[in-house]
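Below: the structure, in structure tokens.
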Amino acid sequence: MSTSEESAPGGVITLDGLDLAALVASRVCHDVISPVGAIVNGLEILEDEKDEGMRGFAFELIKKSAAQASARLQFCRIAFGAAGSAAAMLDLGDAEQVARGFVEDDKTKLVWEAERQLLPKNAVKLLLNLVLVATTTVPRGGEIKVTSSGQAEATEFAIVAAGPNARVPANVLELLSGRAPEDRVDAHVIQPFYAGLVARAAGMTVTIEPEIEGERIVTRAKPSV
Numbered sequence: 033m034s035t036s037e038e039s040a041p042g043g044v045i046t047l048d049g050l051d052l053a054a055l056v057a058s059r060v061c062h063d064v065i066s067p068v069g070a071i072v073n074g075l076e077i078l079e080d081e082k083d084e085g086m087r088g089f090a091f092e093l094i095k096k097s098a099a100q101a102s103a104r105l106q107f108c109r110i111a112f113g114a115a116g117s118a119a120a121m122l123d124l125g126d127a128e129q130v131a132r133g134f135v136e137d138d139k140t141k142l143v144w145e146a147e148r149q150l151l152p153k154n155a156v157k158l159l160l161n162l163v164l165v166a167t168t169t170v171p172r173g174g175e176i177k178v179t180s181s182g183q184a185e186a187t188e189f190a191i192v193a194a195g196p197n198a199r200v201p202a203n204v205l206e207l208l209s210g211r212a213p214e215d216r217v218d219a220h221v222i223q224p225f226y227a228g229l230v231a232r233a234a235g236m237t238v239t240i241e242p243e244i245e246g247e248r249i250v251t252r253a254k255p256s257v
């Protein structure tokens with residue numbers, strides 16, 4: 033165990049603030065480096081190619097990758113960033129917009145049925161992080177459906193991820209609860225660990241369990257009793 037990682041009573045890991053910031057930054061960079069790299073490749077093609085067909089391909093690559101990079105940065109700004117003061121309220125409509133830009137692709141469809149309302153910042157950040165966790169439960173793609181019930185601080189969320197070979201990835205439940213394999217947290221597992229931190233800051237309890245084995249996984253977040 034490194035000096036910056038300690039186990040609190042009950043086995044929950046506490047991270048030094050600088051290490052947490054560094055690991056979250058690494059995760060954000062991981063999300064945007066691929067489309068940014070594709071933009072660079074497209075620019076190199078434009079610089080070297082004279083063939084109009086290849087140049088057209090390069091323009092499309094740059095356009096698509098720039099949109100993808102922008103969508104991922106907008107998502108990360110709310111899901112991982114400050115997004116206002118500690119007491120800020122965020123709009124679930126804005127959360128839907130950034131989630132749709134981040135999640136939807138040729139394999140995955142997002143169905144958003146959460147009622148539009150202003151909620152405490154950490155509740156909205158938690159929802160976005162749980163949507164991101166839900167994408168990992170359908171590795172071959174599928175449908176992710178987001179619903180809500182209740183109002184204000186009593187709001188509860190349900191996220192149903194449906195797709196072939198749906199499953200809860202190894203260690204996700206432990207990471208959400210603040211635990212990790214060998215008591216170590218790195219950039220590969222920081223996102224669900226961070227989601228757990230946000231859940232506790234929001235005063236919410238998260239559960240993830242199969243509804244239909246291999247087909248549908250349900251994630252729920254509700255105010256802690």
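The numbering of the sequence shown is the working numbering, which starts it at 33 and goes up by one. C-beta atoms are modelled at their ideal positions from N, C-alpha and C, and glycine is treated no differently.
- When secondary structure is reduced to three states using DSSP, residue 167 falls in the helix class.
- As a beta-bridge residue in DSSP terms, residue 253 pairs with 189, 238.
- Separation of residue 53 and residue 228 (C-alpha to C-alpha, rounded to the nearest whole angstrom) is 15 Å.
- In terms of Cβ geometry, residue 175 and residue 141 form a close pair [threshold 7 Å].
- The beta carbon of residue 88 lies closer than 6 Å to none in the same chain, with the five residues before and after it left out.
- In this structure, residue 106 sits near residue 130, with a CB-CB distance shorter than 7 Å.
- Boundaries of the alpha helix (DSSP H) harbouring residue 130: 124 to 135, taken from the DSSP string.
- Under DSSP, residue 99 shares a beta bridge with no residue.
- CA-to-CA, the gap between residue 154 and residue 231 works out to about 7 Å.
- Take the alpha-carbon of residue 50 and the one of residue 128: they are about 30 Å apart.
- Residue 157 carries a helical assignment under DSSP once its states are collapsed to helix, strand and coil.
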